[in-house]
Amino acid sequence: MSKLEELERLLSDDFSAIEETFNGTYGSELTKLSGLSISDLKKINPEINVVEYEKLKAVVLRASQQNLSQAELKMRIQALGETAVKIANIADIII
Numbered sequence: 060m061s062k063l064e065e066l067e068r069l070l071s072d073d074f075s076a077i078e079e080t081f082n083g084t085y086g087s088e089l090t091k092l093s094g095l096s097i098s099d100l101k102k103i104n105p106e107i108n109v110v111e112y113e114k115l116k117a118v119v120l121r122a123s124q125q126n127l128s129q130a131e132l133k134m135r136i137q138a139l140g141e142t143a144v145k146i147a148n149i150a151d152i153i154i
């Protein structure tokens, strides 16, 4: 297999996983979360950093991939702290 063919296979696998995730249990929540701007986030907390936001996205992404219950997702978001909960609220993620 050539390096180009291997890269195409890897990307195809990645694209399939992404599509499955966004079509999963929390796909619409992921879309809303991904659509938030820095100014949206700064309204919640002027000192927010991208890492906090990305952690929340990772938790919701994983929840969608694993088809977690709302209760489990809520618990994981709450474990991230108050800022994550506020971001989740403006993205209409049930907390």
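In my numbering, the protein residues as written are 60 to 154.
We treat Cβ as the ideally placed atom computed from N, Cα and C, and that holds for glycine.
- Non-local beta-carbon contacts of Tyr85 in its own chain, meaning distances under 6 angstroms to residues more than five positions away in sequence, involve Val119, Ala122 and Ser123 in chain order.
- The beta-carbon distance between Lys116 and Leu92, rounded to whole angstroms, is 6 angstroms. This is short enough to meet the 8 angstroms contact definition.
- Non-local beta-carbon contacts of Met60 in its own chain, meaning distances under 8 angstroms to residues more than five positions away in sequence, involve Arg68 in chain order.
- Straight-line spacing of the CA atoms in Thr90 and Glu64 works out to 30 angstroms.
- Per DSSP, the unbroken alpha helix (DSSP H) holding Ser93 starts and ends at Gly86 to Ser93.
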